[in-house]
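Shown next, in structure tokens, is the structure this report addresses.
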Amino acid sequence: MELMEHDFVSWETLSAAFIKKIVSYVNMNSMDASVQRLSLSILENMVPSSRLLFELVRKEVTLDRLLTHLQVTNTQLQLKAMALLIALLLAATDAERRDMMDYLRERNVRQFIHKEQRELLQSLRQTAFESESETPTSNFSTERRRSLCAKEFRKLGFVNNSNPAQDLYRAPPGLLALDNMVYFSRHTPNAYSRFVLENSSREDKHECPFARSSIQLTLILCEILHVGEPCSETAQAFYPMFFGQDHFFEELFCICIQLVNKTWKEMRATQEDFDKVLQVVREQITRTLSLKPTSLELFKTRVNVLNYSEILKLRQTERLHQEETLAVPVLELRERLKPELLELIRQQRLLRLCEGTLFRKISSRRRQDKLWYCRLSPNHKVLHYGDVEEGVHSPPIESLPEKIPVADMKALLVGKECPHTKEKSSGKQNKDVLELAFSIVYDVEEYCLNFIAPTRYEFCLWTDGLNMLLGKEMTSERTQTDLDVLLSMELKLRLLDLENISIPDTPPPVPKPPSNLNFCYDFSHAEQ
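Take a look at the structure:
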């Protein structure tokens, strides 16, 4: 085997006598398993090298003999027998392959291959639902037992609960997903039981399917770590933590499958969101691996800190960078545009105050049907207000008898600071009133004009407008929202001509002046 692997001798130079000697080791019943394993390996390498060798091996090693090797307990020997069987099938012609497959189906080859996997699937089920299925199943009929098993496999998250092996036909990841699930159930039984029982007790659409998640997660890990791909000589990714663990892939899976459950809960996901959740998990894993953690413990800590809300923040920041909203020149442009847009918001607020608003009167009684109106004069010098009847909208200034000169206004009070909120009793209604209450302090005597805004929007408009009249900054949350919307629109309009052009962070260097400035065409010579 060593000589052949180093290409010292071609497989085709081997004599028929030598091949028959190797075949005799394979066909012997009482033979050292390690010798038989190597003999099967040598034959497997011979088969594809020439048609002559294929026919010789096929004639000497019968399919029955290979099926006998598939039934032994030595997994390495089983593996080599399976490899030789596949090599023979691949090298055969279509007619030969059909004959071989018919014979294998006749002998029910699947029972030898799937026996171990069936046992592993049953062990997964028993570990998860041990307490539930300890005693009574022996008393059940075969049909009832099968129905109970199907129910438990569904709780485990298998799509084909009557025959869960069908879920593992997808390759990749194939049986690697089953190995991962079994490793998780045996090495962290508490976490495994918690995962399965927690989800099987949830509402159907909200449960995170363990088996389906495991199969998809194994595929994701294979793609991220390039499992099953040939080694690349130019790859840059190197994970030192890989060398600090005997069962690195399985241990990594154990951490990540618990992360799937955690992210599922954070996203309040349903069955329809399965792909979205796994997409977020993929991002959590790749982002954490890019930090090059030195151990699996460190990976576990970092990947759990990177929860769903953090992923959303990172995505938002990256999107802004991608749109170049955070580029230095764009930020400078934002600052330049701000004063102009704030002035626009100020004008809108004053115009709104000039239009006026209908307010309800505050009374200690239950009935609050009395209305009054307040509006600013067009020259922004006087606030006019007065009682109005129900159904009157936008009364003229002349019909509002009371007035307060803007020059006499001293301060604006909001919420708990207002005198009319202090008189009110506590309760839910009072909380709503607090959010909408504001008062104007005016005149030397410090009289107060008290308001309860009809909506939060009106409250923001009035407090902003009154603050401006007092010479103060606009402080409501509405100001920031309006400013962001206007800035966003203005920036997009200004940057339209620069679409698909990257904006540099620093200005380009100023070129050197030319060696002389005599580059203007002298028309005087032409005239002569």
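If you want the numbering used here, it's the position in the sequence shown, counting the first as 1, plus 1455.
Glycine included, every Cβ here is placed at the ideal spot set by N, Cα and C.
In three-state DSSP terms, what is residue i?
i        : result
Glu-1510 : helix
Ser-1687 : coil
Val-1965 : coil
Ala-1547 : coil
Arg-1580 : helix
Glu-1457 : helix
Ile-1474 : helix
Met-1483 : coil
Thr-1812 : strand
Val-1637 : helix
Asp-1554 : helix
Val-1527 : coil
His-1839 : strand
Asn-1905 : strand
Asp-1898 : coil
Leu-1868 : strand
Ala-1724 : coil
Phe-1893 : strand
Arg-1562 : coil
Glu-1795 : helix
Asn-1922 : helix
Ser-1943 : helix
Ala-1692 : coil
Phe-1978 : helix
Leu-1575 : helix
Glu-1787 : helix
Glu-1845 : coil
Assuming residue i is part of the alpha helix (DSSP H), what are its boundary residues?
i        : result
Met-1696 : No alpha helix (DSSP H) holds Met-1696; DSSP gives it neither H nor E.
Arg-1742 : 1729 to 1745
Glu-1653 : 1644 to 1655
Glu-1721 : 1703 to 1721
Glu-1598 : 1597 to 1610
Phe-1665 : 1665 to 1680
Val-1758 : 1751 to 1760
Ile-1497 : 1488 to 1501
Thr-1876 : 1874 to 1877
Less than 7 Å between C-beta atoms, sequence neighbours within five positions excluded: which residues of the same chain meet that for residue i?
i        : result
Gln-1577 : none
Lys-1865 : Val-1896, Tyr-1897 and Glu-1901
Met-1456 : Leu-1493, Ser-1496 and Ile-1497
Asn-1529 : Ala-1488
Arg-1822 : Low per-residue confidence applies at Arg-1822: pLDDT is 48, beneath 50, and the placement is therefore not dependable, though the value from the model is reported in the following sentence. Counting only Cβ-Cβ distances below 7 Å, and skipping sequence neighbours, we find nothing.
Ile-1766 : Val-1735, Glu-1738 and Gln-1739
Arg-1742 : Leu-1761
Gln-1491 : Tyr-1480, Val-1481 and Leu-1532
Gln-1700 : Glu-1706 and Leu-1751
Ser-1669 : Ala-1632, Asn-1635, Met-1636 and Ile-1712
Let's see if you can read the secondary structure: which residues bound the beta strand (DSSP E) around residue i?
i        : result
Glu-1928 : Per DSSP, Glu-1928 belongs to no beta strand (DSSP E) and is neither H nor E.
Pro-1985 : Residue 1985 lies beyond the stretch modelled for the chain, which goes from 1456 to 1983, so this question has no answer here.
Leu-1623 : No beta strand (DSSP E) holds Leu-1623; DSSP gives it neither H nor E.
Leu-1831 : 1826 to 1831
Can you round the beta-carbon distance between residue i and residue j to whole angstroms, since I take them to be within the 8 Å contact cut?
i        : j        : result
Ala-1488 : Leu-1532 : 5 Å
Leu-1788 : Arg-1949 : 7 Å
Val-1732 : Val-1760 : Between Val-1760 and Val-1732 the Cβ distance is about 18 Å, and since that is not below 8 Å, they are no contact.
Leu-1891 : Lys-1871 : Actually they do not touch by this definition, with Cβ atoms about 13 Å apart.
Ile-1710 : Lys-1755 : 5 Å
Thr-1725 : Lys-1660 : 5 Å
For residue i, does the count of other Cβ atoms within 10 angstroms reach 16, so buried, or fall short, so exposed?
i        : result
Lys-1886 : exposed
Phe-1978 : exposed
Gly-1612 : buried
Arg-1830 : buried
Asn-1618 : exposed
Cys-1686 : exposed
Tyr-1763 : buried
Val-1481 : buried
Gly-1811 : buried
Asp-1937 : buried
Leu-1511 : buried
Leu-1972 : exposed
Asp-1554 : exposed
Pro-1962 : exposed
If you drop the 5 nearest sequence neighbours on each side, which residues of the same chain put their C-beta closer than 8 Å to that of residue i?
i        : result
Val-1637 : Leu-1575, Ser-1578 and Leu-1579
Cys-1677 : Pro-1627, Pro-1628, Leu-1631 and Gly-1683
Thr-1582 : Ser-1640, Arg-1641, Pro-1644, Tyr-1647 and Ser-1648
Glu-1589 : Caution is warranted here: a pLDDT of 48 is assigned to Glu-1589, below 50, making its placement in the model unreliable, and the coordinate value is therefore given only provisionally. The answer is none, since no qualifying residue turns up.
Who are the near neighbours of residue i in its chain, counting only those whose CB is closer than 6 Å to its CB and skipping five residues on each side?
i        : result
Pro-1850 : Tyr-1828 and Val-1843
Leu-1904 : Ile-1895
Ile-1852 : His-1839
Phe-1893 : Val-1869, Phe-1906 and Thr-1918
Confirm the yes/no value for this check: CB of residue i, any heavy atom of the ligand MG, distance under 8 Å.
i        : result
Glu-1790 : Annotation note on the ligand MG: not contained in the displayed structure, which lists no ligands.
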